[in-house]
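Data block below; observations after.
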Amino acid sequence: MSQTVTPTARHDHAEGHIGPRTYLVIFGALLGLMALTIVAALFDLGAANFIVAMGIASVKMVLIILYFMHVRYSDKLTWVFSVAAFLWLLILVGGFLNDYFTRGLVAGR
Amino acid sequence: MSATVEEPRGGGGDGEYRGERKNYLTDGYGILSWLLTTDHKRIGLLYMVSITIFFFVGGAAATLIRLELMTPSGDIVQAETYNKLFTLHGVAMTFFFLIPSIPAVFGNFLVPLMIGAKDLAFPKLNLLSWYLYTIGGVLAVVSLLLGGVDTGWTFYVPYSTMFSNSAVIPAAMGAFVVGFSSILTGLNFIVTIHKMRAPGMTWFRMPLFIWAHYATSLIMILGTPVVSITLLLLALERVFRVGIFDPALGGDPILFQHLFWFYSHPAVYIMILPGMGVISEIVTCFSRRPVFGYRFMAGAVLAIAIFGFVVWGHHMFVSGQSMYGGMVFSFLSFVVAIPSAVKVFNWTATLYKGSFSFDTPMLYALGFIGLFTIGGLTGLFLASLATDVHMHDTYFVVAHFHYIMVGATVMAYLGAVHFWWPKMTGKMYPELWGKLSALLVFVGFNLTFFPQFVLGYLGMPRRYYQYPPEFQVLNVMSTAGASILAVGYLLPLIYLTISLWFERDAGPNPWDASGLEWETTSPPPKFNFDETPVVTGGPYVYPLGEPEGQDERLPVEPQPLPAGRS
Amino acid sequence: MWDFPLFPEQASTLAGWVDGVFFYGLGISVFFTTLICFLVIFFAVKYRRGSRADRSNPVTHNTTIEVLWIGIPLMLALVLFFASTFVYYHLIQYPADSSEIYVLGKQWMWEIQHPEGRREINTLHVAVGRPVRLTMTSQDVIHSFYIPAFRVKQDVVPGRYTSMWFQPTKPGTYHLFCAEYCGTLHSGMIGKIVVMEPAEYEAWLQSGTERESMAAEGERLFRQYGCSGCHGRNASVRAPLLDGVYGHSVALSDGRVVKADERYIRDSILLPGSQVVAGYDPVMPTFEGHINEGDLLKIIAYIKSIGNTERAGR
Amino acid sequence: MAETAHATATAHAHGGGHGHAHDPNLAHHFEDMGQQRTSATLGMWAFLGTEVMFFGGLIGSYIVYRFTSPDVFGAASKYGLNVWLGTINTVILLTSSLFMAFAVHAGETGDRKAQVRYLLLTMALGTLFMVIKGFEYREEYHEHLIPGPHFSTEALHLPEEPAPPTASAEHAHESAETLKTASFLTVTPVQFVRQRAQMFFVFYFFMTGLHLLHMVIGLGLVTWVLILARRGRFTPSYYTPLEMTGLYWHFIDIVWVFLYPLLYLVALHK
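Top to bottom, those sequences are chains A, B, C and D.
Start counting the first sequence at 805; every next residue gets the next number (our numbering).
Start counting the second sequence at 306; every next residue gets the next number (our numbering).
Start counting the third sequence at 3; every next residue gets the next number (our numbering).
Start counting the fourth sequence at 80; every next residue gets the next number (our numbering).
The following block contains the structure:
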């Protein structure tokens, strides 16, 4: 854990600096991924459509978090907190689908 | 806590006040100094006053309910009034007393003190949290004045959206707003505990009180938003008759239960975890021994917080949830029971080879351990599928969660009030009265709620205004217990208020307890410590046994223990 | 003096199993509670301040004992889990030969319909030794059909069918409660389950003279709502005859061929425009909102009952 | 709203630094600027965690209903929503995120004029996003797609009677799913389809409405930070309010990144 007693941590992502050029590269990637998700939606993959769309959206999210939100070079704590909420979202959705997908399997239950 | 805090140099500190140093109570006068304070200690006291009001509002409703249930047929109130009473009891107690009780009062007051910080990370947010609590409280009172809400504190759809013609919206919005107050409190604690610990205080040198509040804050910020969106959807559906829950609109009422219990089960861990933190402090202090298995206790607290999020389905075994869904939730519910068991065993092991003095806080703590064990073990029946089919929505469930919430959390809260009263007010409480109230609460509680276990297995459903005559004897016993319990709760209100004026002054450390909060004066100065303390050892420095955190490899040379510590 | 019960009756095949799981759990609880309370009191007395007990080298952490008191409770808990889930599985799986009874929960009463036509309010007569399966739905809010003596309970959710089953083993009268809060008279929504000998039960079923079977009652409603005006044998309006329709395939005007099952009849009553029989014009008015749930079931039962007469062409 | 107060309170935490504080922006209860900044960042991330769970409840419910009536949601999305406007909005929001990143970068380097320029650009794009959203809502209003008494489904070419399982293989698995759920319900499949179509629009208006509300709060924050930037309050050692507003803005963008495929791309292939 970051020790508060050490001298003021100079800008904590001094070692890896994100310049405007990186932002443009990431921006391009985001637009590309958006195009990809539209193209992917044109094919009828059944239930997989949803998984592919969410996968691409998650990649876009990770890019935004890492580079636009400077988590790439910040301390471990920020990593944990930026990931934790999305894990809890999976718990929520997992619990729902665990009930809804197995509803019809046993008559009347 | 062995910490090097030199005696404050003469007049160097803040100005003198009537011959003794100014403290947070005397550092500003007038109503505005209280209503606009950003001092975490004052906000703690503001919360104490507000939740005590709601405790007695809920308590009054409970008294009326117990009186009504003395007779099989409804005699004192009509059916819908009874429904409004148990809903008021539920909403007032869970949202407005149990969830904020220990975190908002003692967490606010003690977290900065115990980790050697001057204040919480976001003081203004802390004040906003109290104002949000007050606004939520006003909304709840408005719903009471508009005729009360009769949906039960769970607001189940479609009754709450389409069929109840009581003041559901103000109550739901009150719970919505008070949810944000709890989010802000959790946010403050997490950042403070991570970033503002005193030099030398590594994670394994923090008191378990801080671990408990850290775990509680995790639940607060990850669970509460889900109930906020659920209450918003409920209000949308009730007002605009358009929504996603009501079957007449193609929705599924069981989805509301999923969303509601996703928060409300972790919420019961919000209610119990801070109590566990308090008990670890009290038990170690009064048995003069460090806690047994510190790291397992800290790990158990986090395990409860995290596992608490995957078990909510055990509230819905008979609600139409699929069989396989039920089995998964049942298995996970058994796993979440284990950390609580570990904590109880560790507290009991802490008592081994201790040296006890049975002051009021210790009586409350020992009561907590006994009653929490019964509460926890009866939870096993409700986590197992076959028995839950029989016992769901009966008085067995009522007895189970009252053993945890009233038997454990309220006793821990009262223990904390007595334990830190000298630190907060600088005054001692009358010991004899304290012991009497602890005894009354213990006896009254057991007489009230143990018969309800038997009633539950007999099949008496909850929220019943009338019941078959053969259940009457057990209900009369329960009401008798409730009257003793009521006296047990009124006593502390009286003698603690009186103690503010007529009791003797308590020194900085009346219990000779170990902890940073006991290193400063009581009541503490505005910024807690004159010099930020440097922590050199483990959390529970007591004569009988050597605390675990002592062998930390930090290169800080061991400080000689300040003289005079027994 | 001791006139109040402390333990519920066991009146169904699975009640004993559920009580078995309960007693196993009770055993664990009593053991651990007495262990903890005894230790707390024993330590409190032995090590009270000033007592000359031996307090040399007190231990503050011991990983092996920690692992022990994580493992053992976990084992005990898992045994309880498997036992309980095994019993739960049997609580859910209804035997094939169980007789079916319809239950309609509505605000503050239970409407129970036997397929043989008997209808009851807040009481359910069943024969001892015969498995019974309840198919339940609610007309307004969530209720919960709960019979403590049989250890069974199932929420009755509006908008869908839920079901439960039991097999009574002891004749007698048992409590029926509504266990899910459903409004003002939630505590009034109670009733009786009367378990009778099979012979007695058959007599009771037939004795309901004025209670003709569901189909007969359906026929009365068939005339009352004016269906016979068009679908009757000597009707003036040109509409499809319903004799011998149920169970057979029907050609629709848009070329599709569908089987005339319960759903088809129900849709034809509530939304006739959506499936018009080939060769007829869509003149039938919708009955949505005019016929309640109970009557609809009876009319369907009636059309089912005339389904097996030979097709009278029109 | 709590969010505004939160971010402003974090930024106002600097209060009057008295006594030993050397930097005027250091709050009294923090040891040094590093601690204050990391505390503010952690506080913001924890707050964004609550926002994720806030939207999460909604998205979880939407996913449940989408899987239990896939073809109805597919038709409602394909015929009810305008995919092009949705796509343009996504591009706008991604670009505004880019400009916000430049603004925060300008904050790091202390380039005051660049901060003001990029913040203005971000606000402009944010407002444009809301204007386009307004047009979409107007379009849906005219097609009577707003849930309520006037909701009508003829614009949606809904599968009138979900083809029974024997229907063509292409739709078999989806309509079977709907039928399985419908057969559970005591409501007729026809009613069920109409109700679920209306529910799609309940989700659509609630989710995009909530997103717009957060957008308005975000624009409010950007305006406030713009005023501070114009007064030159941000130095390379203290630009926390700007960074917090940036984090919040990027979060709003992430929410839209998920809403766009969830709502607009449900059944583009149909």
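We put the beta carbon where it would ideally sit given N, CA and C, even for glycine.
Bear in mind that the values here come from a model prediction, so they are computed numbers and not experimental data.
Verify whether the separation of the beta carbon atoms of residue i and residue j is less than 8 Å.
i, j, result
"Leu790 of chain B", "Val759 of chain B", "no"
"Phe147 of chain C", "Leu136 of chain C", "yes"
"Leu896 of chain A", "Val462 of chain B", "no"
"Lys658 of chain B", "Arg50 of chain C", "no"
"Gly850 of chain B", "Pro60 of chain C", "yes"
"Val105 of chain C", "Val158 of chain C", "yes"
"Ile549 of chain B", "Val281 of chain D", "yes"
"Val143 of chain C", "Gly185 of chain C", "yes"
"Ile611 of chain B", "Val649 of chain B", "no"
"Ser783 of chain B", "Arg510 of chain B", "no"
"Ala691 of chain B", "Val20 of chain C", "yes"
"Thr490 of chain B", "Pro579 of chain B", "no"
"Ile822 of chain A", "Asp332 of chain D", "no"
"Ser930 of chain B", "Ile495 of chain B", "No information on residue 930 of chain B is available, as it lies outside the stretch 306 to 871 that chain B covers here."
Which bits of chain B does residue i rub up against, with CB to CB less than 8 Å?
i, result
"Phe900 of chain A", "Leu560 and His563"
Using a Cβ cut-off of 8 Å, pull out every chain A residue sitting near residue i, in sequence order please.
i, result
"Thr166 of chain D", "Met838 and Ile842"
Thinking residue i and residue j are a contact (beta carbons under 8 Å), I'd like their distance in whole angstroms, please.
i, j, result
"Leu637 of chain B", "Val615 of chain B", "5 Å"
"Pro340 of chain D", "Thr841 of chain A", "5 Å"
"Lys194 of chain C", "Thr125 of chain C", "5 Å"
"Met581 of chain B", "Ile404 of chain B", "Their Cβ separation, rounded to whole angstroms, is 15 Å, which puts Met581 of chain B and Ile404 of chain B out of contact at 8 Å."
Residues of chain D with CB closer than 7 Å to the CB of residue i, please, in chain order.
i, result
"Lys864 of chain A", "Val336"
"Ser165 of chain C", "Within 7 Å Cβ-Cβ: nothing; Ser165 of chain C doesn't reach chain D, min ~11 Å."
Quick check on DSSP: helix, strand or coil for residue i?
i, result
"Pro193 of chain C", "In the sequence on display, residue 193 of chain C carries Gly and not Pro. Looking at Gly193 of chain C - three-state DSSP - the assignment turns out to be strand."
"Leu326 of chain D", "helix"
"Tyr2 of chain C", "Because chain C is modelled from 3 through 316, residue 2 of chain C falls outside the range shown and cannot be assessed."
"Glu249 of chain D", "In this prediction, Glu249 of chain D scores a pLDDT of 39, lower than 50, which makes its location untrustworthy; the coordinate-derived value is nonetheless stated afterwards. Correct three-state label for Glu249 of chain D: helix."
"Arg57 of chain C", "coil"
"Met873 of chain A", "coil"
"Ile302 of chain C", "helix"
"Cys180 of chain C", "strand"
"Gly18 of chain C", "helix"
"Phe663 of chain B", "coil"
"Arg326 of chain B", "strand"
List the residues of chain B whose Cβ lies closer than 7 Å to the Cβ of residue i, in chain order.
i, result
"Gln156 of chain C", "Val623"
"Met132 of chain D", "Leu527, Pro530 and Val531"
"Leu137 of chain D", "Ile534"
"Phe271 of chain D", "Gly555"
Name the chain B residues that come within less than 9 Å of residue i, Cβ to Cβ?
i, result
"Asp879 of chain A", "Per Cβ cutoff of 9 Å: no residues; Asp879 of chain A is ~10 Å from chain B at best."
"Val345 of chain D", "By Cβ distance, chain B contributes nothing, its closest Cβ being about 16 Å from Val345 of chain D, past 9 Å."
"Tyr148 of chain C", "Val623, His695, His697, Asp698, Thr699, Gly764 and Pro766"
Closer than 9 Å by beta-carbon distance: list the chain A residues that pair up with residue i, in chain order.
i, result
"Val170 of chain D", "Leu835 and Met838"
So with CB distances below 7 Å, who are the chain C contacts of residue i?
i, result
"Val183 of chain D", "Those within 7 Å of Val183 of chain D in chain C number zero; the least Cβ separation is about 47 Å."
"Lys658 of chain B", "Tyr49, Arg57 and Pro60"
By the criterion of Cβ-Cβ separation under 9 Å, what are the contact partners of residue i in chain D?
i, result
"Thr906 of chain A", "Within chain D, no residue comes near Thr906 of chain A; the closest Cβ sits about 12 Å away, beyond 9 Å."
So which residues on chain C does residue i lean against when the C-beta distance must stay under 8 Å?
i, result
"Ala409 of chain B", "Residues of chain C passing the Cβ test: none, with the nearest at roughly 29 Å."
Checklist entry - Any residues in the segment 611 to 645 of chain B with a beta carbon nearer than 7 Å to a beta carbon of chain C? Which ones, in chain order? => result Val623, Ser624, Gly625, Met628, Met632, Ser635, Phe636, Phe639, Ala642 and Ile643
Checklist entry - Which residues, in order along the segment 254 to 270 of chain C, keep a beta-carbon less than 8 Å from a beta-carbon of chain D? => result Val260, Arg265, Arg268 and Asp269
Item to check | Interface positions of the segment 530 to 551 of chain B facing chain A (Cβ-Cβ less than 9 Å), listed along the chain | outcome: Val531
Checklist entry - At a Cβ cut of 8 Å, what residues of the segment 696 to 711 of chain B count as close to chain C, listed as they run along the chain? => result His697, Asp698 and Thr699
Checklist entry - Taking any Cβ of chain D, which residues in the segment 825 to 837 of chain A have a Cβ under 7 Å from it, in chain order? => result Tyr827, Phe831, Leu834 and Leu835
Item to check | chain D contacts made by the segment 469 to 486 of chain B, where a contact means CB separation under 8 Å | outcome: Phe485
Checklist entry - If contact means a Cβ-Cβ distance below 9 Å, which residues of the segment 113 to 127 of chain D contact chain A? => result Gly113, Gln114, Arg116, Thr117, Thr120, Leu121, Trp124, Ala125 and Leu127
Checklist entry - Which of the residues in the segment 884 to 897 of chain A, read from start to end, lie with their CB under 8 Å from any CB of chain B? => result Ala888, Ala889, Trp892, Ile895 and Leu896
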